[in-house]
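A.B. asks:
Numbering (this note's numbering), first residue to last: 113 to 306.
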């Protein structure tokens, strides 16, 4: 098991939202770099980062933060939020981001996801964010009619090896994971992905 500490970035700051609600944003650390280095010193090898502004706007906003951490620490950076094109994925991967997360685009334009997986393999992960089992998109501001397991199985068929699953109703609450949904996802996916 690899545990990935996480940093959410909004306006260049480390923040937390409660259940994905942008109205609840609050700063949780003074420096994203100091936070990343503290994770590294604690033994982390990876860091999960989300550009919340990018997720909301549909394009990268805080990508310089990802690149700064990739360049100035030994952490492997997994980055998401606002990555909606193959060009953006390529931009990050070519600048030492170890893995990019495609979320909204996987739901809305799965061909881009399939092309990214074909080009970059395991450097591409899919982010599946769901509330009550239904996938959300665009910074969790839009709800779909798609069940999270159905989307996961579609992404596995496209060649995805890494799925990042978030239960929106628990995000930012420090109440732990949704073990029931994770177990159902693991049972459906089997050993075809992480």
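Note that beta-carbon positions come from the ideal geometry of N, C-alpha and C, so glycine has one too.
#1: How about the segment 137-150 and the segment 177-192: do they share at least three Cβ pairs that are nearer than 8 Å?
#2: Tell me whether residue 155 is buried or exposed, calling it buried when 16 or more other Cβ atoms sit within 10 Å of its Cβ.
#3: Does the contact criterion of 3 or more C-beta pairs under 8 Å hold for the segment 134-144 versus the segment 200-214?
#4: Quick one: what's got a C-beta closer than 7 Å to residue 300's C-beta in the same chain, skipping five residues either side?
#5: Can you tell me the Cβ-Cβ gap for residue 194 and residue 220, rounded? I've got them flagged as a contact below 8 Å.
#6: From what residue to what residue does the alpha helix (DSSP H) around residue 166 run?
#7: Got a sec? Which residues, its chain only, sit under 7 Å from residue 229 by beta carbon, not counting five neighbours each side?
#8: So, at 8 Å on beta carbons, what are the nonlocal neighbours of residue 257 in its own chain, with the 5 sequence-adjacent residues on each side left out?
#9: Determine the extent of the beta strand (DSSP E) in which residue 239 is found, giving its start and end residues.
#10: Across which residues does DSSP place residue 255 in a beta bridge pair?
#11: Who are the Cβ neighbours of residue 122 in its own chain at under 7 Å, not counting the five residues just before and after it?
#12: Could you check whether residue 216 and residue 291 sit closer than 9 Å to each other, using their CB atoms as the reference points?
#13: Using a Cβ-Cβ cutoff of less than 8 Å, which residues in the same chain neighbour residue 248 once the five nearest sequence positions on both sides are dropped?
#14: Suppose the cutoff is 7 Å on Cβ atoms and the five residues either side in sequence are ignored; what does the same chain contact list for residue 197 look like?
#15: What's the gap between the Cα of residue 232 and the Cα of residue 305?
#16: Rounding to the nearest angstrom, what Cα-Cα distance links residue 238 and residue 278 in this structure?
#17: Going by the beta-carbon positions, is the gap between residue 119 and residue 126 smaller than 9 Å?
#18: Measuring alpha carbon to alpha carbon, tell me which residue in 174, 191, 234 is nearest residue 117.
C.D. replies: Put simply:
#1: With contact defined as three or more Cβ pairs closer than 8 Å, the segment 137-150 and the segment 177-192 are in contact.
#2: Residue 155 sits exposed, since fewer than 16 C-beta atoms from the chains shown fall within 10 Å of its C-beta.
#3: The segment 134-144 vs the segment 200-214: no contact.
#4: The residues 261, 264, 265, in chain order, have a CB closer than 7 Å to that of residue 300 in the same chain once the five nearest residues on each side in sequence are set aside.
#5: Contact doesn't hold; Cβ gap of about 13 Å is too wide.
#6: Counted as a single uninterrupted DSSP element, the alpha helix (DSSP H) harbouring residue 166 occupies residues 164-169.
#7: Cβ within range, chain order: 236, 270, 271, 272.
#8: Cβ within range, chain order: 246.
#9: DSSP places residue 239 in the uninterrupted beta strand (DSSP E) bounded by 236-243.
#10: In DSSP, residue 255 forms a bridge with 248.
#11: Hits under 7 Å: 137, 164, 165.
#12: Contact: no.
#13: Once the five neighbours on either side are set aside, the close Cβ partners of residue 248 are 132, 241, 242, 254, 255, 256, 280.
#14: Sequence-distant Cβ neighbours of residue 197 in its own chain, meaning closer than 7 Å and more than five residues away, are 224.
#15: Those two C-alpha atoms are separated by around 16 Å.
#16: Roughly 11 Å between the two C-alpha positions.
#17: Result yes, Cβ atoms of residue 119 and residue 126 sit closer than 9 Å.
#18: Closest by alpha carbon: 191.
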